[in-house]
Amino acid sequence: MSRPPFKLMLPAAIESPVVVASPHSGRIYDADFMASTVLDSARIRSSEDAYVDVLLDRIPTLGVPVLSAQMPRAFLDLNRAPEELDPAVIDDVPRGAMNPRVASGLGVIPRVVAQGRAIYSGKISHAEAQHRIDTFWRPYHRQLDVLMSNARDRFGQAILLDFHSMPHEAIEGTVVSGAPAQIVLGDRFGSSANAVLVDILEETLTDLGFRVARNAPFAGAYITQAYGHPERGWHAIQIEIDRSLYLDEGSIRPNTQFDVLQNTITEAVSRFCDCARPARNLAAE
Numbered sequence: 138m139s140r141p142p143f144k145l146m147l148p149a150a151i152e153s154p155v156v157v158a159s160p161h162s163g164r165i166y167d168a169d170f171m172a173s174t175v176l177d178s179a180r181i182r183s184s185e186d187a188y189v190d191v192l193l194d195r196i197p198t199l200g201v202p203v204l205s206a207q208m209p210r211a212f213l214d215l216n217r218a219p220e221e222l223d224p225a226v227i228d229d230v231p232r233g234a235m236n237p238r239v240a241s242g243l244g245v246i247p248r249v250v251a252q253g254r255a256i257y258s259g260k261i262s263h264a265e266a267q268h269r270i271d272t273f274w275r276p277y278h279r280q281l282d283v284l285m286s287n288a289r290d291r292f293g294q295a296i297l298l299d300f301h302s303m304p305h306e307a308i309e310g311t312v313v314s315g316a317p318a319q320i321v322l323g324d325r326f327g328s329s330a331n332a333v334l335v336d337i338l339e340e341t342l343t344d345l346g347f348r349v350a351r352n353a354p355f356a357g358a359y360i361t362q363a364y365g366h367p368e369r370g371w372h373a374i375q376i377e378i379d380r381s382l383y384l385d386e387g388s389i390r391p392n393t394q395f396d397v398l399q400n401t402i403t404e405a406v407s408r409f410c411d412c413a414r415p416a417r418n419l420a421a422e
């Protein structure tokens, strides 16, 4: 099976400094990978940001490019550094100091999916891990870097909106206006994007009826850290959406509100693009 490293949807003309991405929505579970896992076809998808890329399908009509993963997060996590190798799942990786993500099994080659379920019965080879990184991780990030560089060169700034989804149960303890948050914006506690831009996005989403939280329980990981450099005119905001808004989480199928949310997310990005342009000078400071 041909395994493309990413899907890129380009508009007829780029009209905004905004770049939209979905690094965890890949769903090509090829036969080789499925033969290597101990999980069935439903459980292996539990860490997938299912159909987030489809939610973003209409955004290129706004003059905004959209970059999406093709391979699933359980196979390779694009929101981790390529050095985040887990010796518990990859052969010939020296044991040493590990960050909490790797220690919990969520390195660039994940050891577990949601609820701590092991993906493999043993380890994969170091050569296989490196092959996945070289074949899928590096092309995706090269393309994202090109999109961000082109946006900054043309508009004076680049603004990455990095879309994800979160299990409903993960957000039940984060309350906004007396009810669980529906969207969490992550800017690594103010370090990955100018506050003006995050304020604009939060206000836009709130005006459209969402309950919006910031940085809790998700503040952003590798992508917001790597692409969020406001001093260079690069801004990165992670957007986590409650899956129950658009998905039947049990069957991993779009629910009856999918089209409504797709339209609303498209409208949110449209309004953000319109509002972010006047903030250009401040956002580039």
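In this text, residue positions in the sequence shown follow this note's numbering: the first is 138, and each later residue adds one. Glycine is no exception: its CB is placed at the ideal position from the N, C-alpha and C atoms.
_Rounded C-alpha distance that separates R408 from F273_ = As a position in the sequence shown, residue 408 is number 271, starting the count at 1. As a position in the sequence shown, residue 273 is number 136, starting the count at 1. Going by the C-alpha atoms only, they are around 32 Å apart.
_Quick check on the DSSP output: the alpha helix (DSSP H) that includes R351 runs from which residue to which?_
Stepping through the sequence shown from its first residue, residue 351 is reached at position 214. That residue, R351, is in no alpha helix (DSSP H); its beta strand (DSSP E) goes V349 to R351.
*contact_flag[the region 368–383, the region 313–329] where n(CB pairs < 8 Å) is 3 or more*: yes
*With a threshold of 16 other CB atoms inside 10 Å of the CB of T361, please say whether the residue is buried or exposed.*
In the sequence shown, the residue the question calls residue 361 occupies position 224. So T361 counts as buried.
*Grab me the residues of I261's own chain with a C-beta within less than 8 Å of its C-beta, minus the 5 sequence neighbours each way, in chain order.*
For the purposes of this step, residue 261 is taken as the residue at position 124 of the sequence shown. Cβ within range, chain order: S173, V226, I227, D228 and I246.
*Given I389, which residues of its chain have a CB within under 6 Å of its CB, disregarding the five upstream and five downstream residues?*
Here the question's residue 389 lines up with position 252 in the sequence shown. Same-chain partners within the cutoff: R182 and A187.
*Span of the alpha helix (DSSP H) holding E340?*
Within the sequence shown, numbered from 1, the residue matching residue 340 stands at position 203. It spans A332 to D344 - the alpha helix (DSSP H) in which E340 sits, taken as one unbroken run.
*What are the boundary residues of the alpha helix (DSSP H) that I374 is part of?*
In the sequence shown, residue 374 corresponds to position 237, counting from 1. Element bounds for I374: not the alpha helix (DSSP H) but the beta strand (DSSP E), W371 to D379.
*Buried/exposed call for P219, threshold 16 Cβ in 10 Å*: Here the question's residue 219 lines up with position 82 in the sequence shown. The residue is buried, with at least 16 neighbouring Cβ atoms inside 10 Å.
*asked:* Buried or exposed for L147, going by 16 or more other Cβ atoms inside 10 Å?
replied: Locating residue 147 in the sequence shown gives position 10, counting from the first residue. That one is exposed.
*Chain-order list of residues whose beta-carbon lies under 6 Å from that of I270 (same chain, five-residue window excluded)*: In the sequence shown, counting from the first residue as 1, residue 270 sits at position 133. Result list for I270: P219, in chain order.
_CA-to-CA distance, L284 to Y364, given in whole angstroms_ = Position 227 of the sequence shown, counting from 1, holds the residue named residue 364. Position 147 of the sequence shown, counting from 1, holds the residue named residue 284. If I take the Cα positions, the gap works out to 11 Å.
*Which residues bound the beta strand (DSSP E) around I181?*
Here residue 181 corresponds to residue number 44 of the sequence shown, with the count starting at 1. Looking at the DSSP string, I181 is not in any beta strand (DSSP E), and its letter there is neither H nor E.
_So within the region 256–330, which uninterrupted beta strand (DSSP E) runs reach at least 3 residues, ignoring any that extend past its ends?_
295–303 and 320–323
*Hey, which unbroken runs of the alpha helix (DSSP H) at 4 residues or more fall wholly within the region 191–257?*
237–240
*What do you reckon, are the CB atoms on V157 and V203 nearer than 8 Å?*
As a working mapping, residue 157 is identified with position 20 in the sequence shown. As a working mapping, residue 203 is identified with position 66 in the sequence shown. Yes, these two residues count as a Cβ contact at 8 Å.
*Under the DSSP definition of a beta bridge, which residues are partnered with R390?*
The count along the sequence shown starts at 1 and reaches residue 390 at position 253. According to DSSP, R390 bridges with D385.
_Which same chain residues end up closer than 8 Å to R248 when comparing Cβ atoms and leaving out the 5 residues on each side of it in sequence?_
Stepping through the sequence shown from its first residue, residue 248 is reached at position 111. D223, A225, V226, G242, A255, I256 and Y257, listed in sequence order.
*Are three or more beta carbon pairs between the region 352–359 and the region 380–389 nearer than 8 Å?*
no
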